[in-house]
Structure formats: C-alpha cells, structure tokens
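In terms of our numbering, the numbers along the sequence shown are unbroken and rise by one, the last being 436. Glycine is no exception: its CB is placed at the ideal position from the N, C-alpha and C atoms. Given the structure is predicted, the values throughout are model-derived calculations rather than measurements. Encoded as structure tokens, the structure appears first; notes follow it.
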Amino acid sequence: MPKRVSWEERATNVDAAAADAVLETLKTFDIDKSQTMACTICPEAEHKMRYRLLVCSCQACGEATTLECAWRGKIVTCLETEHASIFEYGTHNTMATALTRKKLTSTQKAYCRELADNHLRPMRIRHALSRKFGTPLDDLPTLKT
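See the structure below:
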C-alpha cells in the first residue's frame, strides 16, 4: 500500500486570479499528471474538478545535485466555480531560482483565445495584447513556430 503524503497548504478555495498569483511565486514546474474526478472543494459534489500533480523543473535544482528534486505540488480546481486549492510537499534541492519564462495571466490568455477565434494572426494578437494591457512587447513571451 502506498504511503500517505502529508500535503502542506499554500492556498485553499481561492478564485482563479488568486491561484495564479500563488503559482507565480512557485519555482518552475511541469504538470506530471492531470485528471478529472468528483469535486471535493464544493459542498455539492455532483460536478467534476481537475486534479494536477506537479514536479519541479527548475534548472537550478537540476544543476545543484544529481538527485531528482524532492518538491511536489498539487493543484485541485473546481471546473464549475473555478476555485482552486494549492498544496506542496517536500523541499527543493536549492533555494536559488533560475530565470523564469514570461507567462501570460489567465485574463490575457482568454483575450488571446477570443482573438484567435476571430482568425487573427499571431503577430496581430501579440500587438493587440500589448495595446489592451499596456504591456511592452519586450515583456510578452516570444512567438513560437
């Protein structure tokens, strides 16, 4: 029988914007597993939630030692209310942080999806994003081919 993991709470039952703010404070990570299951966040669990397990992908942790980083994370998000709970377990190999990639917020991503639905080209979406949110083009992620 697998051993039980004692998760440490970082944020409990917060909205999507607050969850994004908490995730921005974490080191870089990859999503190891992602699945849906019955919601445990809301009292009436007749809908689903997304359950994601995270692993550390920080370059500084990888270079610090040959051992795999012991840090693990968990994000549980209600698919109906979009409230989330964030947990973590273990510690990183090093406290040093590597340079983080530039990421878009959830509102910026929604705006980009809306423009993409209207068949705008990526460069036009990037410039519209810069104008709407007042972000310099240098601060936005680069276009990928």
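Exposed unless 16 or more other CB atoms sit within 10 angstroms - verdict on S397: Counting C-beta atoms within 10 angstroms of its own C-beta, S397 has fewer than 16 neighbours from the protein chains shown and is therefore classed as exposed.
Same chain, Cβ closer than 6 Å to K393, five either side skipped, listed in chain order: For K393, same chain residues with a beta-carbon under 6 Å away, outside a window of 5 residues either side, are P432 in chain order.
Cβ-Cβ separation, R343 to S325 (assumed contact under 8 Å), whole Å: About 5 Å; that satisfies the 8 Å criterion.
Residue nearest to E371 in terms of C-alpha spacing, selected from D430, T319, P334 and A361: Nearest of D430, T319, P334 and A361 to E371, Cα basis: P334.
Where the beta strand (DSSP E) containing K324 begins and where it ends: That run of the beta strand (DSSP E) goes F320 to A329.
Three-pair Cβ contact test at 8 Å for the stretch 406–423 versus the stretch 358–371: Contact fails between the stretch 406–423 and the stretch 358–371, because fewer than three Cβ pairs, one in each stretch, are under 8 Å apart.
Proximity below 8 Å, CB of K339 to CB of T388: No; because the gap between Cβ atoms is not below 8 Å, this pair is not in contact.
Contained alpha helix (DSSP H) runs [length at least 4] in the stretch 387–431, N- to C-terminal order: 397–408 and 413–424, all fully within the stretch 387–431.
C-beta atoms of S376 and T303 nearer than 8 Å: Contact: yes.
Check whether L358 and D323 have beta carbons under 8 Å apart: For the pair L358 and D323, the CB atoms are not nearer than the 8 Å cut-off.
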